[in-house]
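All residue numbers for the sequence shown refer to the numbering used here, where the first residue is 348 and numbers rise by one.
Please read the structure below before turning to the comments.
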Amino acid sequence: MQIKIGNVKIDTQSRVSKHRGYLYDQLTLLHQEIIDLVLEGEARNKIPIRELKLKAKLMKKYRRRLKLLSRY
Numbered sequence: 348m349q350i351k352i353g354n355v356k357i358d359t360q361s362r363v364s365k366h367r368g369y370l371y372d373q374l375t376l377l378h379q380e381i382i383d384l385v386l387e388g389e390a391r392n393k394i395p396i397r398e399l400k401l402k403a404k405l406m407k408k409y410r411r412r413l414k415l416l417s418r419y
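Listed below in structure tokens is the structure:
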């Protein structure tokens, strides 16, 4: 949330909480993309393994960072 006083904007949300929200949103987006890729690949009888591996690595990376941020 931002508070505006004249020309000055004061942000009441910390960077850590903003980043935590961003990581959570990215994780849910990646999860949905993986599900879509698998379902689409199953319909075509060809699953894109490279894309799935890349998205799985990103999910692992984001989960690790989110876990570290949740300690603080």
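Idealized CB from N, CA, C, for every residue including glycine.
Q.
Out of Val385, Arg411 and Asn354, which one is the CA nearest neighbour of Arg397?
A. Position 50 of the sequence shown, counting from 1, holds the residue named residue 397. For the residues Val385, Arg411 and Asn354, the minimum Cα distance to Arg397 belongs to Val385.
(Q) Suppose contacts are defined by Cβ-Cβ distances below 8 Å. Is Met406 in contact with His366 by that definition? (A) In the sequence shown, residue 406 corresponds to position 59, counting from 1. In the sequence shown, residue 366 corresponds to position 19, counting from 1. No, Cβ-Cβ distance for Met406 and His366 is not below 8 Å.
Q: Would you kindly work out how many angstroms separate the C-alpha atoms of Leu413 and Leu370, rounded to a whole number?
A: By 1-based counting over the sequence shown, the position of residue 413 is 66. By 1-based counting over the sequence shown, the position of residue 370 is 23. So the two alpha carbons sit approximately 7 Å from each other.
Q: Grab the span of the beta strand (DSSP E) containing Gln349 for me, first residue to last.
A: Position 2 of the sequence shown, counting from 1, holds the residue named residue 349. Here the beta strand (DSSP E) through Gln349 covers Gln349 to Ile352.
Q: Answer yes or no: do Ile381 and Leu399 have a C-beta to C-beta separation smaller than 8 Å?
A: What you label residue 381 is simply residue 34 of the sequence shown in a count that begins at 1. What you label residue 399 is simply residue 52 of the sequence shown in a count that begins at 1. For Ile381 and Leu399, yes; Cβs fall inside 8 Å.
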